[in-house]
Structure formats: C-alpha cells, structure tokens
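Okay, structure first, notes after.
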Amino acid sequence: MRLCILGATGNSGRRIVSEAVARGHQVTALVRTAGALAATPNLNVGQMDFSDVGALENALRARDVVINAAGYVADGSRFTDLVGRIINATASALGPGGRFWLFGGAALLDVPGARGWASTCRACLRCMKRTAQTTTRSEQADSIGRCSAPAR
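The opening residue of the sequence shown carries number 25 in the numbering used here; numbering runs sequentially from there.
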C-alpha cells in the first residue's frame, strides 16, 4: 500500500512510520525540516511547507492512504489551521476512493483556548465520509479519525 505520513518525526509519527515500513508498505514521510528523517528502503522522505496547500495536495496524490500525526494541539488556532489545510489538501488529492487517518491522542480533546477545533473536527468527519474511511480505535491515542470534542 502507498502511504503518506505527515508528522513523521514526532513521537507517534515515528512509530507509525516504523510499523508501516516493517509491514512492507511503500511509505512517503513529509517533514518540515530537511534531514529530520533518513530515507531507507520502502521509506521516501520529502521536505514540505505545510502552509502551501497546493504543494501539499500535489505531494499527496497517487497515495492510497494519508495519515496525519502532525501538529501540537496546544498551539491553538495554529494547530486547527494546520489540520484544516491538511484535511482540505487530502480530500482534494485522494478523492472519494482515498483513505485519511487523523491520528491523535490529546489532539482530539476539546482544549480551552484552542478555538475552532470543533469546527475543524467536523470538517475532518466530512472528509472521512467523502473518502469512505471507517474509524478505528488505538491504544496509544484517543482515536484515529474520530473526534470526541463536544460541538460548540
């Protein structure tokens, strides 16, 4: 399977990359900083400016699955803006047959001061419905592709 992992240099992202490569998937990791992750067999690494939706969309094309572990929920609106851009780029790049996982632990909590998260979460759910993604539980995260935040 052709996977693209965003947030591949963080704690969760590195574990996702490791597991995906170990299972024999063709993995592309998009990172903000060149040299932050070394390429290996089955792992291509590309540098990406996550604020450039067009470039992100192009990088996500021809993937079977996009997994997002990027962002830090305590960044408030910077986090919700980042996730929103990733969701929009993924929906456009993959179309109705693609699969998107929003991987998160604390990221899925309703955090005071992180205004706008609930609306971003709803956008994520709409994206997943469009891409026919089913939700999955994970021991290391509150959920994958599911938002437990109360609507505001």
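C-beta: ideal position from N, C-alpha, C; glycine also. As the structure is a prediction and not an experimental result, all values here were calculated from the model.
C-alpha of Arg-39 to C-alpha of Ser-116: approximately 27 Å in a straight line. If you check the CB distance, Ala-93 and Phe-127 come in under 8 Å. The shortest C-alpha to C-alpha distance from Val-107 to any of Leu-80, Asp-88, Gly-121 is the one to Leu-80. Going by beta carbons, Thr-33 and Val-51 fall outside the 8 Å limit. For Ala-53, the uninterrupted beta strand (DSSP E) run begins and ends at 50-55, by DSSP. Within its own chain, the residues whose Cβ lies closer than 8 Å to the Cβ of Met-25, once the five positions on either side in sequence are excluded, are His-49, Gln-50, Asp-88, Val-89, listed in chain order.
When secondary structure is reduced to three states using DSSP, Gly-70 falls in the strand class. Relative to the Cα of Asn-66, the nearest Cα in the group Arg-47, Pro-120, Gly-100 belongs to Arg-47.
In this structure, Gly-95 keeps its C-beta atom at 8 Å or more from the C-beta atom of Gly-37. Note on geometry: alpha-carbon atoms of Arg-102 and Thr-64 lie some 31 Å from one another. Nearest C-alpha to Asp-76 among Thr-114, Gly-121, Pro-120, Gly-122: Thr-114.
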